[in-house]
Every structure is written in C-alpha cells, then in structure tokens.
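Asker: Numbers given in my numbering equal positions in the sequence shown, counted from 1, plus 159.
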Amino acid sequence: MKQKLTTRFTERFGLDHPIALAPMDKVAGGRLAAAVSAAGGLGLIGGGYGEAAWLDRAISQAGNQRVGVGFITWSVARQPELIEAALARAPAGLMVSFGDAEEMISAAKAADVPTLWQVQRLNQAEQALKAGVDVLVVQGQEAGGHGMDRGLTALLPAVRDRAGPEQIILAAGGIADGRGLAASLMLGADGVLMGTRFWASTEAEGSAAAKAALVASGGDETVRSKVFDVARGVDWPWHFTGRIVANDFLKRWHGNIDALKQESAAQQAIYEASDPDDFSTRVLIAGEALDLIASIETARDIVETTVSEAHALLCESSRYLAS
Numbered sequence: 160m161k162q163k164l165t166t167r168f169t170e171r172f173g174l175d176h177p178i179a180l181a182p183m184d185k186v187a188g189g190r191l192a193a194a195v196s197a198a199g200g201l202g203l204i205g206g207g208y209g210e211a212a213w214l215d216r217a218i219s220q221a222g223n224q225r226v227g228v229g230f231i232t233w234s235v236a237r238q239p240e241l242i243e244a245a246l247a248r249a250p251a252g253l254m255v256s257f258g259d260a261e262e263m264i265s266a267a268k269a270a271d272v273p274t275l276w277q278v279q280r281l282n283q284a285e286q287a288l289k290a291g292v293d294v295l296v297v298q299g300q301e302a303g304g305h306g307m308d309r310g311l312t313a314l315l316p317a318v319r320d321r322a323g324p325e326q327i328i329l330a331a332g333g334i335a336d337g338r339g340l341a342a343s344l345m346l347g348a349d350g351v352l353m354g355t356r357f358w359a360s361t362e363a364e365g366s367a368a369a370k371a372a373l374v375a376s377g378g379d380e381t382v383r384s385k386v387f388d389v390a391r392g393v394d395w396p397w398h399f400t401g402r403i404v405a406n407d408f409l410k411r412w413h414g415n416i417d418a419l420k421q422e423s424a425a426q427q428a429i430y431e432a433s434d435p436d437d438f439s440t441r442v443l444i445a446g447e448a449l450d451l452i453a454s455i456e457t458a459r460d461i462v463e464t465t466v467s468e469a470h471a472l473l474c475e476s477s478r479y480l481a482s
C-alpha cells in the first residue's frame, strides 16, 4: 500500500501527496509537470522569463493532467498578456516569484485560479498575505537558482508564526528526500516545493549531460553568485543571487563582478559561443541538495519514495518521547 500524507495543501489542491514541482525555467516542461501531477503531487510548468510559444507547447504537452504555471514576476510583468494566456487555460495554480505580484494575484483570483507566492523575507511574506495569496512558498538560501540569503530552518517557522496557523505554506530549498519533507512539516510547512531533485529525473527538460553533471556534483560545489546573470545578459534585480555549481567561468569572475560588467559584451559572446553541455563555461543551476541525489529517477519514483521515507520517519518519531 502506497503511503499518503494529508495536509492543508493536499486538501486544498486535491492531491495525494504534499509535494510540488518547482517551476524551473526551461526544465519543468509539460512532460515533467504532468508526471508529478500523475504521481499525486502538484506539477508546475516553468513559465520563466516568459516565452509564449514555449509556454503554449509545454501546457499542451501536459495533456489532460492538472498542472499549474509559475513565472519570474519581474520579467513577466513586462508581458501581462502571458499571465492572461496562462489563466485562460485554467491552470491548477499560478505561482509567482521574485517581485511585486499583487496584480497577478488579483487577476488569478478573478479567474478562480489558486495562487502561490514564493518569498525569501518576512516582509515579502506579509505583502503576499495582504494580497490574499492561497499558498506561501518559503524559500531558503539552500535552493538552486535565484533566491536570497536566509536559511530555511529559521525562516520557515518565523513565517509560520507571522502567517498564523491556517495559512498554507510550502517549504523550498535543499529538500530532496523524505527527511526534508518530514523536517519541513515539523517546522511549520504543509508540504514542500522541490526543484533540483526533479531536474535529475527522466521527464525533466535538459540534456543527459546536464543531468549526469548534477549527479556527479555535490552541495559543497555550489555557490550563490551574480556572474551568470551578467554572462547571459539577464537583468535580475541585484538583491537576488543564483545558486549554481561553480565552474571555471565563475571562478574567474565571482570575486570581480565589476570587471565582468566592463567586459560584458565580450564575455557574453564567449558564453554564447560555448557548447551548451560545456559546464566549465555554461551555468549548471542546482541547489545544496545535490549531495542527496545519486541517480536519475522517474518523477513518480521521486514522489513516492520521498513520501514513503517521510511517512516512516513521522511514524517512528514517538521513539524520542520519554515514557
């Protein structure tokens, strides 16, 4: 019998398991999102910076599975028509991250689409709560990709205290197995949002070389940096950094961003001319949970193994209580 965990999150979204797929740009496509949803979690397509054709194709690839969509807020705000197009497809949820998303939350509510807002600070959580968000996603600095610098284990319970007992909260950052899920529930979450673990899955977008590099790398090799924002010519707000696997390109520029900016055109050309699977130059986005990932698995196996491990840990937790 497959184990299940019931939380406010599973009840609100009609899920078997309190696990959501992080909407990773160009990684969380329709196939992966559909696979996570089919396994009983919430699949979220990575709408990223906003490419209409890619997004439309990904939603179509999800077929009849109920999936949601996530966007990088500050970027898609320049293309409000993409939010309208996504909401017109009646997604299972709209997730927003990195910026003021009050208008997007209002639009989703008007369309009767559940909302998720990822935060990295208490004041961001308060803004999301005032906007009436359905789900707060609390992201720790352990996460792969963009984020800020607070650790999850202190931030998550602080957000729970601020949000109150009934608010649905997901934990994100450094979670890749049942231990992370069980710990997150104890810290006040109603479930987890996992990214790096799902990138190392058979259904994820991305090359076999990229996935092999993930499995071969470890959390000690990751670092938060602005280098690849400059190298790719992406104008991220400066207070967000990206956690990536350190490589030769990063090591050259990580301590000298100002010099990189001065040579940005030349360095962007070098970056773009490199082989997409040359990870001595190209960015490999991943979180600290790399240490916990030893193989490429199907999304279903990832979901079911994570829940089974968490269920066993929670059942065994009474052994810590004195008689």
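No residue lacks a Cβ here, since even glycine has one placed at the ideal position from N, Cα and C.
#1: Cβ atoms of residue 295 and residue 302: under 7 Å apart, would you say?
#2: Does any CB atom of chain C fall closer than 7 Å to the CB of residue 376?
#3: What separation, rounded to the nearest whole angstrom, lies between the Cα atoms of residue 175 and residue 282?
#4: Beta carbon of residue 272, beta carbon of residue 253: below 7 Å?
#5: Taking three-plus beta-carbon pairs below 8 Å as touching, is the region 188-206 in contact with the region 224-236?
#6: What does residue 276 pair with, by DSSP beta-bridge criteria?
#7: For residue 275, which of 309, 327, 323 and 233 has the nearest alpha-carbon?
#8: Please list the terminal residues of the continuous alpha helix (DSSP H) segment that includes residue 470.
#9: List the whole-angstrom C-beta distance separating residue 168 from residue 349, where the pair is believed to meet the contact cut-off of C-beta under 8 Å.
#10: Helix, strand or coil for residue 248, going by three-state DSSP, please let me know.
#11: Counting only the same chain and skipping the five closest in sequence on each side, list residues whose C-beta sits under 8 Å from that of residue 460.
#12: Verify whether the separation of the beta carbon atoms of residue 382 and residue 419 is less than 7 Å.
#13: Using 8 Å as the Cβ pair cut-off and three pairs as the minimum, do the region 313-321 and the region 440-451 touch?
#14: Going by C-alpha to C-alpha distance, which of 163, 255, 162 and 170 sits closest to residue 206?
#15: Beta-carbon within less than 8 Å of residue 309's beta-carbon, same chain only, minus the 5 sequence neighbours each way: which residues are those?
#16: Have a look at residue 359 and residue 368 and give me their C-alpha separation to the nearest angstrom.
#17: Extract the residue ranges of the alpha helix (DSSP H) inside the region 336-390, only unbroken runs of 4 or more that lie entirely within it.
#18: Would you kindly report the start and end of the unbroken alpha helix (DSSP H) that includes residue 190?
#19: Should residue 165 go down as buried or exposed, given a rule of 16 or more other Cβ atoms within 10 Å for buried?
#20: Can you give the Cα-Cα distance for residue 402 and residue 417, rounded to whole angstroms?
#21: Is it buried or exposed, residue 356, if we count other Cβ atoms within 10 angstroms and call 16 or more buried?
#22: What does DSSP give as the partner residue(s) for residue 331 in the beta ladder?
#23: Terminal residues of the continuous alpha helix (DSSP H) containing residue 216?
#24: Just mark residue 325 as buried or exposed, buried being the case when its beta carbon has 16 or more other beta carbons within 10 Å.
#25: Specify the secondary structure class of residue 429 as computed by DSSP and reduced to three states.
#26: Taking only three categories from DSSP, how would you classify residue 399?
#27: Check whether the Cβ atoms of residue 373 and residue 445 sit closer than 7 Å, and answer yes or no.
#28: Buried or exposed for residue 415, going by 16 or more other Cβ atoms inside 10 Å?
#29: Using a threshold of 7 Å, state whether the C-beta atoms of residue 329 and residue 346 are closer than that.
#30: By DSSP's criteria, residue 404 is part of a beta bridge. Which residues make up the other side?
#31: Tell me, which residues are paired with residue 180 by DSSP?
#32: My guess is that residue 376 and residue 400 are in contact by the Cβ rule of under 8 Å, so how many angstroms apart are they, rounded?
Answerer: In short, the structure shows the following:
#1: no
#2: Given the protein chain composition of this structure (a single chain), no chain C is represented.
#3: 32 Å
#4: yes
#5: A contact exists between the region 188-206 and the region 224-236.
#6: 255 and 295
#7: 327
#8: Where residue 470 is concerned, the enclosing alpha helix (DSSP H) stretches over 458-475.
#9: 4 Å
#10: Looking at residue 248 - three-state DSSP - the assignment turns out to be coil, as it is neither helix nor strand.
#11: none
#12: no
#13: No, they do not touch.
#14: 255
#15: 279, 280, 299 and 300
#16: 11 Å
#17: Fully enclosed alpha helix (DSSP H) runs of no fewer than 4 residues occupy 337-345, 355-358 and 367-375 of the region 336-390, in order along the chain.
#18: Residue range 189-197 is occupied by the alpha helix (DSSP H) that includes residue 190.
#19: exposed
#20: Here the alpha carbons of residue 417 and residue 402 stand approximately 19 Å from one another.
#21: With 16 or more other Cβ atoms within 10 Å, it is buried.
#22: Beta-bridge pairing links residue 331 to 298 and 352.
#23: Segment 211-220, the alpha helix (DSSP H) holding residue 216.
#24: A residue is called buried once 16 or more other Cβ atoms fall within 10 Å of its Cβ, and residue 325, having fewer, is exposed.
#25: helix
#26: coil
#27: Yes, the Cβ-Cβ distance between residue 373 and residue 445 is below 7 Å.
#28: exposed
#29: no
#30: 381
#31: 353
#32: So it is not a contact: roughly 18 Å between Cβ atoms.
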